[in-house]
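In my numbering, the protein residues as written are 912 to 1291.
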Amino acid sequence: MPNLSEPVKKTALVLQGGGARGAYHVGAIKAIAEITERRRSPFKIVCGASVGAINAASIAVASNDFQAGARHLENLWRSLNSSSIFNTRAIPLLMTALRWAMTPIFTRLGFPTRGGLLDCEPLKLLLQREFNRAHLRRAIRTGSLHALCITASSYKRGEAVAFFEGAKEVEEWSRSRRRGRRTNITAEHILASAALPFAFAPVRLESGYYGDGSLRLTSPLSPAIHLGADRILVITTRDGNTVPPTDGAAEESPSIGEMAGHALDILFNDSLEADHERMTRINQTISLVSPEVRQKSPLRAIETVLLKPSRDLRDVAKAHAKQVPWSIKFLLHSLGPKDGDGRIESYLMFEPDYIGALIDMGYADTMNRADAIIELLRDS
912 MPNLSEPVKK TALVLQGGGA RGAYHVGAIK AIAEITERRR SPFKIVCGAS
962 VGAINAASIA VASNDFQAGA RHLENLWRSL NSSSIFNTRA IPLLMTALRW
1012 AMTPIFTRLG FPTRGGLLDC EPLKLLLQRE FNRAHLRRAI RTGSLHALCI
1062 TASSYKRGEA VAFFEGAKEV EEWSRSRRRG RRTNITAEHI LASAALPFAF
1112 APVRLESGYY GDGSLRLTSP LSPAIHLGAD RILVITTRDG NTVPPTDGAA
1162 EESPSIGEMA GHALDILFND SLEADHERMT RINQTISLVS PEVRQKSPLR
1212 AIETVLLKPS RDLRDVAKAH AKQVPWSIKF LLHSLGPKDG DGRIESYLMF
1262 EPDYIGALID MGYADTMNRA DAIIELLRDS
């Protein structure tokens, strides 16, 4: 029989960025719904940045019916293609590319280039259609959700702002280059969090412009901790293989496209993995301290489970690269060799077969970790 004097532990779901790789989140969430078989969400706190913000918002608004929310999220992602996210028509894309190429001239004439390479109006309309504030408010009011947190990066202040909406007792916080701010979350906050630099235009929120939430988020697990999480499930979008390939070929200077792919890798994954390692070390240190000393310390042990792809998603992207619209393919090939390593495609290719492969992988990987999931979500 549970001890009624002990507060119910809050489990947080943390979803980081990754563009089209966010489909992996969806497969993992589908598996968690099957493993738990609960109608109410097992996650009292849901945090996301970039594409993780899109998936986090979808899960949060469905907190009162987690099973239905997981099914809806999968159906939504499987229905996507690149034109659902950005304008893939050739003429607007070529005009934008030309405008960017002429930036030095236009700037000297007093017409600086603004916006991004890709028109994300389709994504904006999608988020406005999908995000349901009424369901979010109801989830918070009924106690199914403690807080939803969407992180975006402020270009004006140079900091990560974790916009949150949740229970009244949750307080704002401020740390170096990052802070938490209570607000009424809208589709604009989600769009701002997903506004990848150079690709998408910054989004105006209140008195400033914001971009991708992963830009300044040096401690991706901190919003969940500030919101009161006792346990955290983290879903990342990069496999754990850190050994570089050794094919014997002489190394060539990377193209612009390859450098851009590495930049996306760093932006979306490095901080999250480092933060998870840091939390693991803190937990190990706390376990060595006596209970008496532990009570005097502000540090507390927080259980974490990290889910990550079992395969390199670059290989999956290369297998489906033919699906990329020819206008986007032309743009990508202008940045690098025709047969690249698939890194940048793995982030930008919102095509059905690729999306489906990532959902299936996320599902299978999570089912293989079912015991760890059950242990983490016990009594949630």
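Just so you know, even glycine gets a beta-carbon here, dropped at the ideal spot from N, CA and C.
- Put simply, of N992, K1229, I1146, G1069 the residue whose alpha carbon is nearest the alpha carbon of A960 is I1146.
- If you draw a straight line from the Cα of A1230 to the Cα of R1254, it comes to about 12 Å.
- Classified as buried, D1123 has 16 or more neighbouring CB atoms from the shown chains inside 10 Å of its CB.
- Under DSSP, A1058 takes part in a beta bridge, and its partners are I956, G1077.
- For the 8 Å CB-CB criterion, V1235 and M1272 do not form a contact.
- Pairwise C-beta distances place the region 966–976 in contact with the region 946–953, as three or more of them are shorter than 8 Å.
- In the structure shown, S994 falls within a helical segment according to DSSP collapsed to helix, strand and coil.
- Looking from the CA of K1079, the closest CA among I1213, A1171, T1053 belongs to T1053.
- In this structure the region 1107–1121 does not lie against the region 1046–1062, because fewer than three pairs of beta carbons, one per stretch, are closer than 8 Å.
- The continuous beta strand (DSSP E) containing A923 extends over residues 922–926.
- Counting C-beta pairs with one atom in each stretch, the region 1197–1206 and the region 1278–1289 have fewer than three that are closer than 8 Å, which means they do not touch.
- Rounded to the nearest whole angstrom, the CA to CA distance from S1087 to P1131 is 13 Å.
- Taking L1183 as the centre and dropping the five residues before and after it, the same chain places the C-beta of Q927, P1131, T1147 closer than 6 Å to its C-beta, in chain order.
- Cβ neighbours of E1099 within its own chain (closer than 7 Å, five residues either side excluded): V1114, L1116.
- DSSP, reduced to helix, strand and coil, places G933 within a helical segment of the structure shown.
- N1194 and A1140 have their alpha carbons spaced roughly 14 Å apart.
- By alpha-carbon distance to R1225, the top candidate from R1211, E1256, L1217 is E1256.
- Within the same chain, Cβ atoms closer than 6 Å to the Cβ of L1126 are found at S1064, the five residues on either side in sequence being excluded.
- R1092 has its alpha-carbon roughly 29 Å from the corresponding atom of I1197.
- The C-alpha of D1150 lies about 6 Å from the C-alpha of S1221.
- Under a 10 Å Cβ-count criterion, K1067 is classified as exposed, with fewer than 16 other Cβ atoms of the shown protein chains found around its own Cβ.
- In terms of Cβ geometry, L987 and K1035 do not form a close pair [threshold 8 Å].
- Ranking T1097, L1028, L984, H936 by CA distance to the CA of P1108 puts L1028 first.
- The secondary-structure analysis by DSSP pairs W988 with nothing; it has no beta-bridge partner.
- Annotation: the continuous beta strand (DSSP E) that includes V1145 extends over 1142–1146.
- Contact between R989 and I1266 holds, since their C-beta atoms are separated by about 6 Å, short of 8 Å.
- Around the beta carbon of N1279, fewer than 16 other beta carbons sit within 10 angstroms, so the residue counts as exposed.
- Closest by C-alpha distance to N1095, out of I1136, W1084, N1043, is N1043.
- Taking 8 Å as the upper bound for CB-CB distance, E1070 and R1089 are in contact here, some 6 Å apart.
- DSSP places S1118 outside both helix and strand once states are collapsed to three, so it counts as coil.
- Per DSSP, the beta-bridge partners of S1085 are R1090.
- Counting of Cβ neighbours within 10 angstroms places I1177 among the exposed residues, the total staying below 16.
- In its chain, beyond the 5 residues on either side, H1231, Q1234 have a beta carbon closer than 8 Å to the beta carbon of D1264.
- Assigned with DSSP and collapsed to three states, L1107 falls in coil, not helix or strand.
- Assignment of A1063 by DSSP, reduced to helix, strand and coil, places it in the strand class.
- By the 16-neighbour rule on beta-carbons within 10 angstroms, R932 is buried.
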